[in-house]
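J.: Please read through the structure below; I'll follow up with questions.
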Amino acid sequence: MDIIKRLTTKTQTIPENAFREVYEQYVTEASFLWVLRSIGVRQPHYDLDDIADLEKRIEANLDGLMTSLDLAWELCLEALSIGQPGEIFTVAVVAFRSRDVEKIKTVVLEALQEEENTKALVSAIAWLPEKLVRDWITKFLSSKNLEHKFLAIAACSARGEAPGEILGSLLKREDCLNHKKLRARALRLIGELKLQDYRWAIDDAYSDEDPEVKFWVNWSTIMLGDPTAVRQLETYVQEPGDLQRKAVDVAFRVLPIDQARAWISKLSSQPENVRIVIEAVGILGDPHAVPWLIEKMRHMETAKLAGQSFTLITGIDLEKYELNIEAPEEITAIPNDDPQDTDVSLDEDENLPFPDVDKVASTWQKHGHKYLPGRRYFMGAEISEATLQDKLLNGLQRQRSAAAIELAIKSPQSPLINVAARSFT
């Protein structure tokens, strides 16, 4: 934080401005709304319209800041000292819009100190028009600082833009190859954007023993059109860790149903895996597992998640068809007030409906015969490009995310759609 203190001291103090409180509010609101948006893009009850509404409010506050740049920057430096992602996003947008090199350097230096703040900086770069950030992305790619290169690759991913030929040079440099976080991110980008010309970099990385690099090698191989690489993901699927969910999210869309069932059976042999098993069942889309999901709805800790997987397979909206009830009072508050409780896994369930199990079971008894065992279903229909495209445009955020991954796997030439990307320009 020392650099911020020095810069704040050097900044000429702005005379008391009648509108200072208004500009303080702009900073606060833009930062807070960005945090809401960063949460909202992963929420089960948000759709594109909800995201767009938040974005318009964020943009209005950012535009307000640009009407008095000197005052805005003084307040931005104060906000930067807080060191939180929302403030990093706001300050970064103001800095890049100002086109002031020193302002941009200030926020980049601060943001790269923490992983979550780096993500906020990437979000800001993705938010802005190409004319304001393209040259900076190129500079970061060419920088000797490997963290700058990582930032640039992450920004290219968020913007859905290929880095160009410099990516090939980066993937041949020994220092870059030894920087495992950077190498993994670059390999992931190849799969996300379907950069078929860089398949050689995937092949070169197969001998890398780093777990994260190995994961993204196989993930990108699948995205580039080779489903046989899914066999290499079994270890990641079966073992809890940072990459387990990402592995599950791809593997059960690629595996033949019989093999997928075997993996799920193995995964479910450990009781602590019940939540990831429920997710895997929803991703697989096998109606054979619906009775098991209904049984899991009878347990407080898995009821909502099982309801979500039920809907992903059947397309039956629990709230629309009044198949939900108020969550029982005895269910654990999310998040709860116990400072010793570090389990935040249930936070993801907070905005999911609580199923009325008897009504759900009755509905399935009436309509279950329409779903053929051995077929994969998504939102009530056998998986097809038309269904996926419809849900990508009109579904809720988690449904849109599922549709985007399915579409990317189906077409080795079509980039993975970033459903967290800015919805309007």
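First residue of the sequence shown? That's 12 in this note's numbering, and the numbers climb one at a time after it. Glycine included, every Cβ here is placed at the ideal spot set by N, Cα and C.
1) So Arg108 and Met77 are in contact, right, with Cβ under 8 Å, and what is the actual spacing, rounded?
2) Apart from the five residues just before and just after Thr374, which ones in its own chain have a Cβ nearer than 8 Å to its Cβ?
3) What are the start and end residues of the alpha helix (DSSP H) that includes Gly318?
4) Hey, how far is the Cα of Leu427 from the Cα of Ile416?
5) Residue ranges of each alpha helix (DSSP H) run of no fewer than 4 residues wholly in the segment 54-101, ordered along the chain?
6) Sort Val288, Leu65, His299 and Ala163 by Cα distance to Leu47 and report the nearest one.
7) State the DSSP-derived secondary structure class of Tyr37, mapped to helix, strand or coil.
8) Go through its chain and collect everything with a Cβ distance to Ala262's Cβ below 6 Å, but skip five positions before and after it.
9) For the candidate residues Cys167, Arg170 and Ser153, whose alpha-carbon lies nearest to that of Ser180?
10) Return the Cβ separation of Leu91 and Val118 in integer angstroms, given the expectation that the two are a contact with Cβ distance under 8 Å.
11) Express the C-alpha separation of Lys381 and Ala135 in angstroms, rounding to a whole number.
12) Closer than 8 Å, CB to CB, is Arg387 near chain D or not?
13) When the Cα atoms are used, what is the spatial distance from Gln410 to Leu323?
14) Please give me, in chain order, every unbroken run of the alpha helix (DSSP H) with length at least 4 that falls completely inside the segment 227-258.
15) Determine the contact status of Leu73 and Val112, defining contact as a CB-CB distance below 8 Å.
16) Restricting to Cα atoms, I'd like to know which of Leu88, Asp58, Val301 and Lys160 is closest to Tyr34.
17) Can you list, in chain order, the residues of its chain with a C-beta nearer than 8 Å to that of Val301? Leave out the 5 residues immediately preceding and following it.
18) Applying the 10 Å Cβ sphere with the 16-neighbour rule, what's the burial state of Thr101?
19) Quick check: the Cα distance between Val259 and Glu220, rounded to an integer number of angstroms?
20) Would you mind sorting Trp45 into buried or exposed? The rule is 16 or more other CB atoms within 10 Å of its CB.
21) Measure the Cβ-Cβ separation of Ser168 and Ile201 and say whether it is below 8 Å.
22) Can you grab the Cα-Cα spacing for the pair Asp253 / Phe226, in whole Å?
23) Cα separation between Gln207 and Asp237?
24) Mind checking who Tyr388 pairs with in its DSSP beta bridge?
25) Give the straight-line distance between the Cα atoms of Glu396 and Phe389, rounded to the nearest whole angstrom.
26) What first and last residue would you give for the alpha helix (DSSP H) that runs through Ala135?
27) Look at Ile394 and Met234 and say whether their C-beta atoms are less than 8 Å apart.
28) Report the rounded CA-to-CA distance for Trp303 versus Val285, giving the unit in angstroms.
29) Can you tell me whether DSSP reads Ile420 as helix, strand or coil?
30) Can you check DSSP and say which residues form a bridge with Ile294?
31) Can you tell me which of the three DSSP states Ile336 falls into?
32) Pick helix, strand or coil for Phe151, following the three-state DSSP scheme.
33) Using beta-carbon positions only, say whether Leu316 and Pro364 come within less than 8 Å of one another.
34) Given that a residue counts as buried once 16 or more other Cβ atoms are within 10 Å of its Cβ, and exposed if not, what is Lys205?
35) Is Asn128 near Ala137, with beta carbons less than 8 Å apart?
36) Does Phe43 come out as helix, strand or coil in the three-state DSSP assignment?
T.: Result, derived from the coordinates:
1) Locating residue 108 in the sequence shown gives position 97, counting from the first residue. Locating residue 77 in the sequence shown gives position 66, counting from the first residue. Yes, they are in contact, since the Cβ atoms of Arg108 and Met77 sit about 6 Å apart, within 8 Å.
2) On the sequence shown, position 363 is the one that residue 374 refers to. Taken in chain order, the residues that qualify are Ile327, Tyr332 and Leu334.
3) Residue 318 sits at position 307 when you count from the first residue of the sequence shown. Residues Ala314 to Thr325.
4) Here residue 427 refers to the residue found at position 416 when the sequence shown is read from its first residue. Here residue 416 refers to the residue found at position 405 when the sequence shown is read from its first residue. Approximately 6 Å, taken between the alpha carbons.
5) 59-76 and 80-91
6) Numbered from 1 along the sequence shown, position 36 holds the residue referred to as residue 47. It is Leu65 whose Cα lies nearest to the Cα of Leu47.
7) Mapped onto the sequence shown, residue 37 falls at position 26. Helix.
8) In the sequence shown, counting from the first residue as 1, residue 262 sits at position 251. So the qualifying residues of the chain are Val241, Leu244 and Val248.
9) Residue 180 sits at position 169 when you count from the first residue of the sequence shown. Ser180 has its Cα closest to that of Ser153, out of Cys167, Arg170 and Ser153.
10) Mapped onto the sequence shown, residue 91 falls at position 80. Mapped onto the sequence shown, residue 118 falls at position 107. Right, their Cβ atoms sit about 7 Å apart.
11) Working through the sequence shown from its first residue, we reach residue 135 at position 124. Working through the sequence shown from its first residue, we reach residue 381 at position 370. The straight-line gap from Cα to Cα measures roughly 46 Å.
12) Annotation note: the requested chain D is absent from the structure, which comprises a single protein chain.
13) In the sequence shown, counting from the first residue as 1, residue 410 sits at position 399. In the sequence shown, counting from the first residue as 1, residue 323 sits at position 312. Using only the alpha carbons, I get a separation of about 7 Å.
14) Within the segment 227-258, the complete alpha helix (DSSP H) runs of at least 4 residues are 245-249.
15) On the sequence shown, position 62 is the one that residue 73 refers to. On the sequence shown, position 101 is the one that residue 112 refers to. Result no, Cβ atoms of Leu73 and Val112 do not sit closer than 8 Å.
16) In the sequence shown, counting from the first residue as 1, residue 34 sits at position 23. Tyr34 has its Cα closest to that of Leu88, out of Leu88, Asp58, Val301 and Lys160.
17) The residue you call residue 301 lines up with position 290 of the sequence shown. The answer, listed in chain order, is Phe321, Ile324, Thr325, Trp375, Gly379 and Tyr382.
18) Position 90 of the sequence shown, counting from 1, holds the residue named residue 101. By the neighbour-count rule (16 or more Cβ atoms within 10 Å), Thr101 is buried.
19) Your numbering for residue 259 matches position 248 in the sequence shown. Your numbering for residue 220 matches position 209 in the sequence shown. Whole-angstrom Cα-Cα distance: 21 Å.
20) In the sequence shown, counting from the first residue as 1, residue 45 sits at position 34. It counts as buried.
21) Your numbering for residue 168 matches position 157 in the sequence shown. Your numbering for residue 201 matches position 190 in the sequence shown. No, the Cβ-Cβ distance between Ser168 and Ile201 is not below 8 Å.
22) Sequence index remark: in the sequence shown, residue 253 carries index 242 (1-based). Sequence index remark: in the sequence shown, residue 226 carries index 215 (1-based). Straight across, the Cα-Cα distance linking Asp253 with Phe226 is about 11 Å.
23) Within the sequence shown, the letter at position 196 stands for residue 207. Within the sequence shown, the letter at position 226 stands for residue 237. Computed Cα separation, rounded: 12 Å.
24) Taking the sequence shown and counting its residues from 1, one reaches residue 388 at position 377. DSSP lists Glu393 as partners of Tyr388.
25) Sequence index remark: in the sequence shown, residue 396 carries index 385 (1-based). Sequence index remark: in the sequence shown, residue 389 carries index 378 (1-based). C-alpha separation (whole angstroms): 11 Å.
26) Here residue 135 is taken as the residue at index 124 of the sequence shown, counted from 1. That run of the alpha helix (DSSP H) goes Glu126 to Trp138.
27) Indexing the sequence shown from 1 puts residue 394 at position 383. Indexing the sequence shown from 1 puts residue 234 at position 223. No, the pair does not count as a contact, with Cβ atoms beyond the cut-off.
28) Taking the sequence shown and counting its residues from 1, the one referred to as residue 303 is at position 292. Taking the sequence shown and counting its residues from 1, the one referred to as residue 285 is at position 274. Roughly 11 Å separates the two Cα atoms.
29) Stepping through the sequence shown from its first residue, residue 420 is reached at position 409. It is helical.
30) Translated into positions along the sequence shown, residue 294 becomes position 283. In the DSSP output, where bridge partners are listed per residue, Ile294 has none listed.
31) The count along the sequence shown starts at 1 and reaches residue 336 at position 325. Correct three-state label for Ile336: strand.
32) For the purposes of this step, residue 151 is taken as residue 140 along the sequence shown, with counting starting at 1. If DSSP states are grouped into helix, strand and coil, Phe151 belongs with the helices.
33) Your numbering for residue 316 matches position 305 in the sequence shown. Your numbering for residue 364 matches position 353 in the sequence shown. Not a contact, by the Cβ cut-off of 8 Å.
34) One-based indexing of the sequence shown puts residue 205 at position 194. A buried status is given to Lys205, since no fewer than 16 other beta-carbon atoms sit within 10 Å of its beta-carbon.
35) In the sequence shown, residue 128 corresponds to position 117, counting from 1. In the sequence shown, residue 137 corresponds to position 126, counting from 1. No, Cβ-Cβ distance for Asn128 and Ala137 is not below 8 Å.
36) Position 32 of the sequence shown, counted from the start, is the residue given in the question as residue 43. Phe43 carries a helical assignment under DSSP once its states are collapsed to helix, strand and coil.
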